[in-house]
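The structure under discussion appears below in the form of structure tokens.
2 protein chains.
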Amino acid sequence: MKSVSLACGGGGAEMNALINDVIFKCFDNEILRQSNDGALLDFDSKKLVFTTDSFVANPIFFAGGDIGKIAACGSINDIAMMGAKPLYLSCALIIEEGFELANLERILCSLASVAKDAGLCVVCGDTKVVPKGACDGIFINTSGVGSLLDESLPASIKRLKSANPEKKIKILLSGDIGRHGAALLASRHGLQSLLSSDCAALNTVVESLYDAGIRPLAMRDATRGGLSAVLHEWARVRGGIEVCEEKVAVSAEVMGVCELLGFEAYELANEGTFVLAVSEDESQNALKVLKEFNLAANIIGEFCADFKGVRLKNIYGSKRFLDEPKGELLPRIC
Amino acid sequence: MKSVSLACGGGGAEMNALINDVIFKCFDNEILRQSNDGALLDFDSKKLVFTTDSFVANPIFFAGGDIGKIAACGSINDIAMMGAKPLYLSCALIIEEGFELANLERILCSLASVAKDAGLCVVCGDTKVVPKGACDGIFINTSGVGSLLDESLPASIKRLKSANPEKKIKILLSGDIGRHGAALLASRHGLQSLLSSDCAALNTVVESLYDAGIRPLAMRDATRGGLSAVLHEWARVRGGIEVCEEKVAVSAEVMGVCELLGFEAYELANEGTFVLAVSEDESQNALKVLKEFNLAANIIGEFCADFKGVRLKNIYGSKRFLDEPKGELLPRIC
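Chains as they are written, first to last, in the working numbering: chain H, 1 to 334; chain B, 1 to 334.
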């Protein structure tokens with residue numbers, strides 16, 4: 001590889017290669033290599049969660065949201081996925097000369113409203129304007145800071161990796177998949193559809209899980225690369241994962257877009273749907289909490305020691321392996 | 001104004017209008033309105049400094065630095081300017097499809113090396129790749145987290161505003177001005193020159209000031225809009241500022257570029273030069289510390305109660321008012 005390809009931003013194998021071979025090499029340190037959604041840091045005597053995300057979504061307005069809403073949800077969710085409460089957000093804008101002020105206001109108010117509903121606000125920012133043609137419309141970066149809901153038990157790849165190998169670990173999914181990716185696809189292809197992005201802040205459902213005494217080993221919002229990318233990442237960390245296909249909810253509208261355009265729902269991005277690894281004894285309680293927020297939530301599978309990769313099992317008992325997402329068919333999904 | 005103009009990113013009057021009339025309106029909160037380089041936040045029982053900056057510099061490599069170096073210095077300096085020690089950095093990349101991997105590595109290593117020298121590291125990140133034409137090369141966002149060097153006395157606009165009106169406040173400058181802007185100008189116009197950007201991390205000099213017992217009322221690195229933008233911002237907060245022109249160091253090379261291309265050195269961006277507001281009794285000590293780092297440092301002026309705006313006085317005693325930077329002659333300086 002001599003140059004960066006679109007696939008390097010797709011959330012799949014090529015992105016992992018870029019991150020591991022180039023970025024981690026330059027920024028080499030233990031915290032980064034833990035590969036969580038956010039960094040878990042020492043600050044004074046407390047743990048601090050710190051995260052960053054840039055957003056280049058296109059179109060900037062779509063059914064169920066806009067780039068401002070994703071920008072707020074993205075960093076809020078990255079913090080929530082560590083088992084933490086988001087406290088503060090930053091917002092840095094790169095705007096193309098000539099961008100309509102009315103659209104800018106609409107986007108920023110959307111970002112601010114998500115932040116407000118999640119109980120936090122934008123405390124610092126930056127504004128750059130570039131000449132026409134130097135960026136396409138608007139790009140937004142949000143970074144966020146939060147504190148752990150349970151200092152002794154953050155949700156993390158490390159905890160998932162080191163959990164007792166004798167204990168069964170269940171995999172839960174908080175809702176139906178693929179709505180964000182399918183909504184953007186539909187809007188790009190001018191398809192009439194009832195689809196709407198699942199874009200939403202996940203801090204409230206995560207706090208409810210912790211309030212109910214559940215301590216997920218790991219959590220991940222299934223953004224770029226979709227459910228498939230999360231399952232493959234976890235399978236690399238802890239061996240095989242078996243998923244019951246019929247437990248994974250996919251709406252008829254998402255199915256329709258997938259069939260029409262040749263996509264796999266497992267690979268479509270979500271912006272308000274997450275995957276949880278929970279010990280078996282907590283799994284029924286966790287499902288009960290998830291279902292209070294979305295009836296489509298389910299226990300979709302479990303970790304297995306006897307094979308590697310991600311295996312799908314259907315109701316007839318037949319099994320197939322799910323490929324890791326590769327390439328980039330959907331650039332600028334977030 | 002119906003759309004965003006290039007001038008809205010220039011660090012002058014138009015940018016202030018965009019920030020005050022649009023961005024602050026959407027994100028309305030007290031912390032943001034304090035208009036510091038970073039936000040001063042409560043975290044547990046400690047104060048936490050949080051800052052963000054996006055970088056769109058063009059060219060990406062220039063005499064004295066590259067976009068990676070500015071990206072690291074930018075956030076480190078924003079934290080240092082609050083009287084704080086930078087602790088952690090994030091790095092979010094937006095890369096154009098086809099960007100050369102060798103350039104990416106060079107930029108990231110440059111960023112990492114500045115961070116390392118400043119005693120911190122990049123702990124979280126994000127990578128987005130956009131199709132050819134959707135962004136020009138590479139844009140980098142860094143956000144940063146730090147802790148105050150003196151919890152009771154942060155450097156801030158608020159402290160500058162509320163300082164005893166009877167006490168004289170001196171204005172110091174840490175070095176000669178305009179080198180970053182002039183170096184980028186020279187390279188864009190293909191001028192042969194000895195110019196090199198002043199791009200540098202300022203955390204060490206700030207820590208030395210605090211170690212020497214100095215507690216600046218406010219500090220600001222003179223980036224977009226240059227020295228002029230900082231002086232005007234402070235004059236709005238606390239009345240008039242008088243500057244002795246001959247105390248402001250400008251190198252012959254910067255002078256040359258300014259004369260050739262019709263720029264004002266006061267308005268050219270710096271990336272490693274900062275302005276300090278210090279009470280008169282601390283000013284000589286502060287100067288001594290600054291001179292250990294750069295002999296061009298000087299006490300350049302003071303706040304005056306009897307006029308508004310920024311007034312320049314030359315050695316012959318004649319006085320003229322310095323205009324606030326307006327328009328945008330130098331897009332993508334950082």
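Positions of the beta carbon are idealized from the N, C-alpha and C atoms, including for glycine.
| Item | Value |
| --- | --- |
| Check whether I95 (chain H) and T52 (chain H) have beta carbons under 8 Å apart | no |
| Listed by chain order, chain A residues near T127 (chain H) by CB distance under 8 Å | No chain A appears in the structure shown, which is made up of the protein chains H and B. |
| Proximal residues, the segment 209-228 of chain B versus chain H, C-beta separation under 8 Å | none |
| First through last residue of the alpha helix (DSSP H) which encompasses V237 (chain B) | 226-238 |
| Spatial neighbours of A277 (chain B) in its chain, beta-carbon cut-off 7 Å, leaving aside the 5 residues before and after | L160, I169, I171, P216, L217, A218, W234 |
| Contacting positions in the segment 27-39 of chain H - beta carbon closer than 9 Å to chain B | F27, D28, N29, I31, L32, N36, D37, G38, A39 |
| Per-residue DSSP class, three states only, for K338 (chain B) | For residue 338 (chain B) there is no data in the structure shown, the boundaries of chain B being 1 and 334. |
| Check whether C268 (chain B) and G240 (chain B) have beta carbons under 8 Å apart | In the sequence as presented, Cys is not what sits at residue 268 (chain B); that position holds Leu. No; because the gap between Cβ atoms is not below 8 Å, this pair is not in contact. |
| Euclidean distance between Cα positions of I300 (chain H) and E264 (chain H) | 17 Å |
| Where the beta strand (DSSP E) containing C124 (chain H) begins and where it ends | 121-130 |
| Three-state class that DSSP yields for L184 (chain H) in the structure shown | helix |
| Neighbour list for M82 (chain H) in chain B, Cβ cutoff strictly below 7 Å | Under the 7 Å cutoff, chain B gives no residues; its nearest Cβ is about 11 Å from M82 (chain H). |
| DSSP three-state assignment for N77 (chain H), whether helix, strand or coil | helix |
| Contacts around N357 (chain B), its chain only, beta-carbon distance under 6 Å, and the 5 residues preceding and following it disregarded | Nothing about residue 357 (chain B) can be reported from this structure: the residues present for chain B run from 1 to 334 only. |
| Residue from B:C124, B:K46, B:E166, B:F139 with nearest C-alpha to R238 (chain B) | B:E166 |
| Touch test, the segment 150-164 of chain H against the segment 243-251 of chain H, Cβ-Cβ under 8 Å, three pairs minimum | no |
| Where the beta strand (DSSP E) through V278 (chain H) begins and ends | 274-279 |
| Reduced DSSP category for G317 (chain H) - H, G, I as helix; E, B as strand; rest coil | coil |
| is_contact[A201 (chain H), chain B] using C-beta, thresh 8 Å | no |
| Candidates B:G190, B:A115, B:E105, B:E246: closest to L202 (chain B) by CA position | B:A115 |
| Backbone CA spacing between K326 (chain H) and A200 (chain H) [nearest angstrom] | 26 Å |
| Contact set for C121 (chain B): own chain, Cβ-Cβ below 8 Å, skip 5 residues either direction | Y88, L89, A112, A115 |
| Continuous alpha helix (DSSP H) stretch holding N16 (chain H): start and end | 13-18 |
| Any chain H beta carbon closer than 8 Å to F43 (chain B) | yes |
| 7 Å Cβ cut-off: residues of chain B touching A112 (chain H) | C26, F27 |
| Proximity below 8 Å, CB of S156 (chain H) to CB of N36 (chain H) | yes |
| Whole-angstrom distance between L6 (chain H) and F303 (chain H), CA atom to CA atom | 32 Å |
| Complete alpha helix (DSSP H) runs within the segment 82-123 of chain H (minimum length 4 residues, chain order) | 101-117 |
| Residue-chain proximity (R332 (chain H), chain B), Cβ-Cβ < 8 Å | yes |
| Span of the alpha helix (DSSP H) around D42 (chain H) | Segment 39-43 is the beta strand (DSSP E) holding D42 (chain H); no alpha helix (DSSP H) there. |
| Cβ of N77 (chain H) within 8 Å of any chain B Cβ | no |
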